[in-house]
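*Asks:* The listed protein sequences derive, respectively, from chains V and U.
First residue of the first sequence? That's 91 in our numbering, and the numbers climb one at a time after it.
First residue of the second sequence? That's 91 in our numbering, and the numbers climb one at a time after it.
For each residue, glycine too, the CB sits at the ideal point set by N, CA and C.
Number of protein chains: 2
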Amino acid sequence: MVTTKHIAVSNHQIILATLPDGTLEEGHFTSACGAVPVPRPGEIVVRTLIISVDAANRTWMDVETYRPRLVAGEVMAGYGLCEVVDANGTSLPEGTIVFCDAGWQEYAAVPAADATPLAVDGELTHQISVHGVSGMAAYFGITEVGAVAPGETVVVSAAAGATGHLAGQIARIRGARVVGIAGSDEKNLMLESYLGFDATVNHRSETFRADLKAACPKGIDVYFDNVGGRILETVLRRMNQNGRVVCCGSVTHYTYDPESRLAEVVPGALISRRIRMEGFIVLDWMDRWPFASQVMNGWLADGRLLPLENPYDGLDSAPRALLGLLAGENAGKTMVRLTR
Amino acid sequence: MVTTKHIAVSNHQIILATLPDGTLEEGHFTSACGAVPVPRPGEIVVRTLIISVDAANRTWMDVETYRPRLVAGEVMAGYGLCEVVDANGTSLPEGTIVFCDAGWQEYAAVPAADATPLAVDGELTHQISVHGVSGMAAYFGITEVGAVAPGETVVVSAAAGATGHLAGQIARIRGARVVGIAGSDEKNLMLESYLGFDATVNHRSETFRADLKAACPKGIDVYFDNVGGRILETVLRRMNQNGRVVCCGSVTHYTYDPESRLAEVVPGALISRRIRMEGFIVLDWMDRWPFASQVMNGWLADGRLLPLENPYDGLDSAPRALLGLLAGENAGKTMVRLTR
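As structure tokens, this is what we get:
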């Protein structure tokens, strides 16, 4: 655990220099050296330990979401695990480990009210994977939004991803039959042999539609959607009556696909098969995160839940980490560990 | 009220001769003269009084829905108001008015278990409009699926249609601000001046997007969707946090629109604004239809709910009635009255 109070004179930062118009590239970011911020009343100063790299980071560049759209020329936004280095008279003592949007920088001043103190129990990285946004999205998406029941067939896309690999495992723990969709046979092999997925399908295969049908002989009851687009369309065509689509993420919404035939199944299939599609933001469930953490700690302890983590080292690797995530290169939770 | 027991020797029928591949035309139907059916055990014979003409009739030709896809060469399927003319030893006495899928024909044998006896109170046509599938879809769509609350902004598409004009009025009765979308200025004038809609937008206008925005200055909380397609996409872009889309009908799902940009907002907007899209089939709520009828009878009595009806006369007019409905020519509930 890091507890040394240490505030440097410089603050290494990654700036989102320009907003992407299409594909995001390393050139959209620049490295900068700013000042360690001086907190205003009610703010604390934190030092970043681990940055959580999420597909949502990309979405923030395009549109207003649950936060305003990002602005070019500012420090790249991002949630992470931080240590309080200046309590500034607030109720968060120095040394406290907090989760907050400190951005891609070594030091940040953030409102104490926006920093969530964490009782770290176990691996620090698990706070970003299982106990972070990805794990909580998997937990509440499967148990609450999807309301997965024993015996149901659950399909998870981006199944090797930060959220997907946990969502699939949680659905299995609830007694469902779980089919993963990923973009490489290597990932699929790992999902089946290491994480216990019942079946997998490669969405890059030319026989994807037929493969999915074969993998789901009883149709699909719950689809945990991390991608949208053509895969969403394909899955919707195989869904059962009273099916549920948990809209957790989308990597396709900002790229217009002229081949999309989504309008053929939305809303048609929703109506004829009484399907519910529901988006959710895991931050809305924050009051129940401690409960979910406790449940998942039990599964970690008895070996039923295996988290995959994909750490990068050093702040300058953050743009590369995000690009790798968006390109689908990674399995598990992508994160950036900072060291001084 | 029709109570005379009378079984003719011939049975005038409309046959769905061929399944449409694209636009439905009168040529897909033929008129035929069949035999009056002989009931099997558990079946009753009914005489058709009024046929309910619904957009769903068209959907049944394309895909399996809550019923198997229609088969070419058979009597066109369709729900309607009928009189029992042969009880055949069942618990439905002759003279009972029932609602059932008798098809487009004068006489049908239907399982007694599939015929819903109606306590007709008021106009017989109201059983098809307010108290039929259209009215029930409006009632349960607004009150249950959409859960419309006072002060919310509700948008209804196909607002002059059988379901839409009732959905809008029910939302207003619940205290919402209601904006109708229809395809002609004449319909919109009628919605505002006669049915009390707060505002209306013409989706054929070149300024549709801007008009919708202007008509909904506080965004949109609930969208009662009767059409899908481009209008659904446009409305989704204006929806508020925690918005709900009631997927009631779709006239566009069987025509592939290469211009569709639905994949830009589904699932992206659903996630970022926590939107729930939910399809429903009003037949699932049948146990609560009597309650809804009672509530709506109260609104009819005090003049707060004004049903629009669009009757055609004679069985041979049924194909024309459906084509008119699909072309958006009509306002209110389209139905065919049979007379001998």
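Can you pull the DSSP bridge partners for E154/U?
*Replies:* The partner list for E154/U (beta bridge, DSSP) is empty, contrary to what the question assumes.
*Asks:* Determine, using beta carbons only, whether I134/U comes closer than 8 Å to chain V.
*Replies:* no
*Asks:* Please list, in chain order, the chain V residues whose beta carbon lies closer than 7 Å to that of Y156/U.
*Replies:* S362
*Asks:* Determine the DSSP secondary structure at T253/V, reduced to helix, strand or coil.
*Replies:* In the three-state reduction of the DSSP assignment, T253/V falls in the coil class, being assigned neither a helical nor a strand state.
*Asks:* To the nearest whole angstrom, what separates the beta carbons of V188/U and P201/U, a pair I think is in contact under 8 Å?
*Replies:* Here V188/U is actually not in contact with P201/U; their C-beta atoms are around 11 Å apart, not less than 8 Å.
*Asks:* Quick one: complete alpha helix (DSSP H) runs, 4+ long, within the segment 259 to 329 of chain U?
*Replies:* 275 to 283, 298 to 305 and 319 to 326
*Asks:* Relative to the C-alpha of L281/U, which candidate in F230/U, V246/U and G369/U has its C-alpha closest?
*Replies:* V246/U
*Asks:* What is the DSSP secondary structure of V99/U, counted as helix, strand or coil?
*Replies:* Here V99/U sits in coil by DSSP.
*Asks:* Does any residue of chain U have a CB that is nearer than 8 Å to the CB of R328/V?
*Replies:* no
*Asks:* Which runs of the alpha helix (DSSP H) fall wholly inside the segment 105 to 170 of chain U and span at least 4 residues, in chain order?
*Replies:* 145 to 150
*Asks:* With H, G and I counted as helix, E and B as strand and the rest as coil, what does DSSP make of A239/V?
*Replies:* coil
*Asks:* What separation, rounded to the nearest whole angstrom, lies between the Cα atoms of S142/V and M425/V?
*Replies:* 5 Å
*Asks:* Which two residues bound the contiguous alpha helix (DSSP H) that contains A199/V?
*Replies:* It is not in any alpha helix (DSSP H) - A199/V instead sits in the beta strand (DSSP E) that spans Y197 to P201.
*Asks:* State whether the segment 351 to 358 of chain V contacts the segment 386 to 403 of chain V, with contact taken as three or more CB pairs (one from each stretch) at a distance under 8 Å.
*Replies:* no
*Asks:* Please identify, using Cβ separations under 8 Å, the residues of the segment 368 to 398 of chain U that lie next to chain V, in order along the chain.
*Replies:* E368, G369, F370, I371 and D374
*Asks:* With a Cβ-Cβ cutoff of 8 Å, do V174/U and P183/U count as a contact?
*Replies:* yes
*Asks:* Pairs of beta-carbons, one from the segment 144 to 160 of chain V and one from the segment 107 to 123 of chain V, closer than 8 Å: are there three or more?
*Replies:* yes
*Asks:* Any Cβ of chain V within less than 8 Å of the Cβ of C337/U?
*Replies:* yes
*Asks:* Can you check whether the CB of E116/U is closer than 8 Å to the CB of P401/U?
*Replies:* For P401/U and E116/U, no; Cβs fall outside 8 Å.
*Asks:* So that I know if they touch, is there some Cβ in chain V lying closer than 8 Å to that of S247/U?
*Replies:* no
*Asks:* Would you decide whether C337/V is buried or exposed? Buried here means 16 or more other CB atoms lie within 10 Å of its CB.
*Replies:* buried
*Asks:* Which of the three DSSP states, helix, strand or coil, is assigned to T429/V?
*Replies:* DSSP places T429/V outside both helix and strand once states are collapsed to three, so it counts as coil.
*Asks:* Please confirm whether H343/V has its beta-carbon closer than 8 Å to some beta-carbon of chain U.
*Replies:* Because the pLDDT at H343/V is just 46, under 50, the model does not fix this residue reliably, and the point stays unresolved.
*Asks:* Can you give me the C-alpha to C-alpha distance between A237/V and D275/U, rounded to a whole angstrom?
*Replies:* 44 Å
*Asks:* Would you call L428/U buried or exposed, if buried means 16 or more other Cβ atoms sit within 10 Å of its Cβ?
*Replies:* buried
*Asks:* Does the CB of A353/U have a neighbour CB from chain V at under 8 Å?
*Replies:* yes
*Asks:* Given 8 Å as the limit, is there contact between the segment 367 to 374 of chain U and the segment 370 to 384 of chain V, that is, 3 or more CB pairs closer than that?
*Replies:* no
*Asks:* Where does the unbroken beta strand (DSSP E) through V188/V begin, and where does it stop?
*Replies:* I187 to D191
*Asks:* State yes or no: is the beta carbon of V143/V nearer than 8 Å to at least one beta carbon in chain U?
*Replies:* no
*Asks:* Pull the bridge partners of Y402/V from the DSSP assignment, please.
*Replies:* V426/V
*Asks:* Would you report the Cα separation of H343/U and G270/V, rounded to the nearest angstrom?
*Replies:* In this predicted model, H343/U has a pLDDT of only 46, less than 50, meaning its place in the structure is not dependable; the value taken from the coordinates is given anyway. Each residue's Cα considered, the two are about 28 Å apart.
*Asks:* Excluding the five sequence neighbours on either side, which residues of its own chain have a C-beta within less than 7 Å of the C-beta of P129/U, listed in chain order?
*Replies:* Correct list, in chain order: V135, D176, N178 and A199.
*Asks:* Could you give the DSSP three-state label for R364/V: helix, strand or coil?
*Replies:* It is coil, neither helix nor strand.
*Asks:* Measuring only the C-alpha atoms, how far is H102/V from E242/U?
*Replies:* 47 Å
*Asks:* Alpha carbon to alpha carbon, how far is S383/U from N147/V? Give it in angstroms, no decimals.
*Replies:* 50 Å
*Asks:* Out of P380/V, L416/V and M151/V, state which residue places its alpha-carbon closest to the alpha-carbon of V210/V.
*Replies:* P380/V
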